[in-house]
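Below: one structure, written as structure tokens.
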Amino acid sequence: MIKKIDSITVNYIDEGKGDAVLLLHGWGANITLYAGIIQVLARSGHRVIALDMPGFGKTSEPSGPWCVDDYVDFVMKFIDSFGLTHFSVVVHSFGGRVFFKMNARENLPFTIEKAVLIDSAGILPKKSFRQKVSLRCYKIGRAVMSTKVLHFLYPDAVDNMRRRRGSADYNSATPTMRATLVRVVNEDLEPLMHLVKCPTLLIWGDQDTATPLSDAKRMEELIPDAGLVVCEGAGHFSFAEQAPKVHGALAAFFSS
Numbered sequence: 004m005i006k007k008i009d010s011i012t013v014n015y016i017d018e019g020k021g022d023a024v025l026l027l028h029g030w031g032a033n034i035t036l037y038a039g040i041i042q043v044l045a046r047s048g049h050r051v052i053a054l055d056m057p058g059f060g061k062t063s064e065p066s067g068p069w070c071v072d073d074y075v076d077f078v079m080k081f082i083d084s085f086g087l088t089h090f091s092v093v094v095h096s097f098g099g100r101v102f103f104k105m106n107a108r109e110n111l112p113f114t115i116e117k118a119v120l121i122d123s124a125g126i127l128p129k130k131s132f133r134q135k136v137s138l139r140c141y142k143i144g145r146a147v148m149s150t151k152v153l154h155f156l157y158p159d160a161v162d163n164m165r166r167r168r169g170s171a172d173y174n175s176a177t178p179t180m181r182a183t184l185v186r187v188v189n190e191d192l193e194p195l196m197h198l199v200k201c202p203t204l205l206i207w208g209d210q211d212t213a214t215p216l217s218d219a220k221r222m223e224e225l226i227p228d229a230g231l232v233v234c235e236g237a238g239h240f241s242f243a244e245q246a247p248k249v250h251g252a253l254a255a256f257f258s259s
């Protein structure tokens with residue numbers, strides 16, 4: 004299904020009947036990856052609304068680089084277009100960032116009844132001394148190779164440095180989404196986590212290297228009403244790697 008929010012054409016689904024659940028996907032993903040979760044919730048008496056966020060799937064990119072707050076503004080307009088006043092959320096990875104910042108807004112026009120955070124982002128990893136030195140050297144090298152003379156002599160040098168250092172998500176993104184990713188990942192949302200007051204279920208792969216299990220345990224400490232389900236042997240996409248366990252946990256959480 005398609006609708007227009009501001010100037011952005013949004014691809015979304017609206018399936019099932021009952022209490023509403025909003026699904027927010029991870030970075031680089033789209034709603035098709037979460038078909039299993041959507042089906043489980045829709046079949047168990049819930050209305051599932053999920054969108055490809057701007058710059059992902061079949062939804063158009065923003066006109067310029069966004070930060071997390073820009074995504075929050077957009078998602079709130081999307082929610083308003085359905086007239087929702089009460090709903091739960093299921094978020095994965097980057098979707099967790101949007102949730103934490105949205106939940107922290109004052110005077111929200113809706114109530115978030117329950118939250119499921121699957122391998123959620125939001126805690127800024129602490130850099131080691133070696134990582135700090137490496138980053139500093141990269142920035143100096145990039146600045147030097149960007150000067151007019153060296154850029155003329157070695158036009159591909161900066162791009163080659165970026166490709167060697169950048170993550171797969173960064174290297175595969177367009178210039179707009181690369182700049183967006185930089186803004187997104189460098190924000191620490193840990194100070195906002197205690198503001199989550201609704202019942203919260205954390206689902207995590209113990210082999211997750213993108214958002215490690217230590218992040219889940221920290222969130223469990225900070226969120227007043229939180230419980231943790233660990234998927235042994237699963238990584239950052241625990242909901243796909245251990246679908247039966249995750250689907251069972253979702254069904255139990257939403258039926259309680």
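If you're matching positions, the sequence shown starts at 4 in my numbering and goes up one per residue.
For glycine and all other residues, C-beta sits at the position ideal for the given N, C-alpha and C.
Every value quoted in this text rests on a predicted model; they were computed, and no experiment measured them.
Mind checking residue i: buried by the 16 CB within 10 Å criterion, or exposed?
i	result
residue 105	buried
residue 217	exposed
residue 111	exposed
residue 137	Residue placement at residue 137 is flagged as unreliable, the pLDDT there being 46, under the threshold of 50; the coordinate-derived value follows with that caveat. Label assigned to residue 137: exposed.
residue 237	buried
residue 123	buried
residue 4	exposed
residue 171	exposed
residue 149	exposed
residue 108	exposed
residue 197	exposed
residue 130	Residue placement at residue 130 is flagged as unreliable, the pLDDT there being 49, under the threshold of 50; the coordinate-derived value follows with that caveat. Label assigned to residue 130: exposed.
residue 65	buried
residue 259	exposed
residue 125	buried
residue 19	buried
residue 255	exposed
residue 251	exposed
Just grab the DSSP bridge partners of residue i for me.
i	result
residue 91	24
residue 121	95, 206
residue 14	5
residue 201	None; residue 201 has no bridge partner.
residue 229	203
residue 214	Note: residue 214 sits in no beta bridge, so no partner.
residue 114	89
Just to check, is the beta-carbon of residue i closer than 8 Å to a non-hydrogen atom of the ligand MN?
i	result
residue 220	Absence of the ligand MN from the depicted structure is noted, as is the absence of any ligand whatsoever, leaving it without description.
State yes or no: is the C-beta of residue i within less than 9 Å of the C-beta of residue j?
i	j	result
residue 103	residue 199	yes
residue 202	residue 117	yes
residue 195	residue 94	no
residue 127	residue 204	no
residue 214	residue 68	no
residue 84	residue 32	no
residue 121	residue 249	yes
residue 243	residue 36	yes
residue 2	residue 9	Nothing in the structure corresponds to residue 2, since the chain is present only between 4 and 259.
residue 56	residue 99	no
residue 34	residue 11	no
residue 180	residue 39	no
residue 206	residue 119	yes
residue 229	residue 235	no
residue 240	residue 22	no
residue 43	residue 225	no
residue 261	residue 187	As displayed, the chain neither begins before 4 nor continues past 259, which places residue 261 out of reach and without an answer.
Any beta-carbon of chain D closer than 9 Å to the one on residue i?
i	result
residue 228	In the displayed structure, chain D is absent; only one protein chain is listed.
Flag this pair as touching only if the segment 36-56 and the segment 199-212 have three or more C-beta atom pairs under 8 Å; answer yes or no. No, they do not touch.
Across the segment 65-77 and the segment 39-48, are there enough close Cβ pairs to call them in contact, namely three or more that are closer than 8 Å? Result no; under three Cβ-Cβ pairs closer than 8 Å.
Hey, is the segment 78-94 in contact with the segment 171-185, meaning 3+ C-beta pairs nearer than 8 Å? Contact fails: fewer than three Cβ-Cβ distances are below 8 Å.
In chain order, which alpha helix (DSSP H) runs of at least 4 residues are fully inside the segment 23-75? Listed in chain order, the complete alpha helix (DSSP H) runs (minimum 4 residues) inside the segment 23-75 are 38-46.
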